[in-house]
Amino acid sequence: MRSPGTMTFCAVRVAPFTKSLMSTSRPPPMLSSPALLNWRVARPRLNVSLISLFDTTQQYIVAEATPTTSLVPNSCRNSGDEALRLCGTCIPRADGVCGYTLRSKECEISPDVEEPIEEAVSEELPVILVQDLATDSRFHSRPYCSPGNFGRFYAAVPIRSPRGINIGVLCVTNTVPGANCDETHSNILRGLSKTIMGHLENSRLKNVQKRNMRMNLSLQTS
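According to the numbering used here, the sequence shown is numbered sequentially starting from 871.
As structure tokens, then:
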């Protein structure tokens, strides 16, 4: 389990990234990437892809894509597009499933193991697969995991910063339980997670550069 000091540090680290992804209408470019299209083709029944960032108590859903979401970044919504229901919202960490993924380190975790969370960070990003959230002993009692809710099948990977801290989660869900996912699908998720982190880090560095430029200009004119 992460210490309170580490969790506070995680919350501070997430803050510069949140603004880079937050949207209430369209997903960011990485959710319209060829890699996600490959996943959609391989698993056509998947309903929703989500990107979440976290602080110590809340899960912030900052991006969402559905099977009908345009693959053209920043495009306008079409009448046939499915509504984006969760993007721009937040829920308590304890109510969702992604908080579990955020803190996990093993690629495959058995439902019989009680949250084996460790501070150590493995080199390969873990991929968490849950065939049915409504019957899984770890999650079935949580508010968003009951039948008729947003998802039954769940696959997710943490979004890990260059310093080795998990700051967010990329997940894909389906309202129908069960899916045959192999290492190819897991690697697609890992690749997407790294792409998202690269986008966040580049945006953060650009913001730092702009701030430094403004500061230098201010000093030169003072």
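Quick reminder that beta carbons are idealized off the backbone N, C-alpha and C, glycines included.
Query	Result
Ser949 by DSSP, collapsed to three states: which one?	For Ser949, the pLDDT reaches just 48, beneath the cut-off of 50, and the residue's location in the model is therefore unreliable, although a value from the coordinates is still provided. Of the three classes helix, strand and coil, the one that applies to Ser949 here is coil, per DSSP.
Return helix, strand or coil for Leu1089, following the three-state DSSP convention.	helix
Could you round the C-beta distance between Ser922 and Gly1068 to whole angstroms and report it? I think they count as a contact, below 8 angstroms.	Actually they are not in contact, since the Cβ atoms of Ser922 and Gly1068 sit about 18 angstroms apart, beyond 8 angstroms.
Using a 10 Å radius around the Cβ and a threshold of 16 neighbouring Cβ atoms, would you call Thr927 buried or exposed?	exposed
Output yes or no for whether 8 angstroms exceeds the beta carbon distance between Ser1011 and Pro996.	no
Could you compute how far the alpha carbon of Ile1066 sits from the alpha carbon of Ser1088?	33 angstroms
What are the start and end residues of the beta strand (DSSP E) that includes Thr936?	Here Thr936 belongs to no beta strand (DSSP E), and DSSP marks it neither H nor E.
Which residues in the same chain as Val1000 place their Cβ atom closer than 6 angstroms to its Cβ, once the five residues preceding and following it in sequence are excluded?	Asp1006 and Tyr1024
With respect to the alpha helix (DSSP H) encompassing Asn957, which residues constitute its N-terminal and C-terminal limits?	Per the sequence presented here, residue 957 reads as Cys, with Asn not at that position. Per DSSP, Cys957 belongs to no alpha helix (DSSP H) and is neither H nor E.
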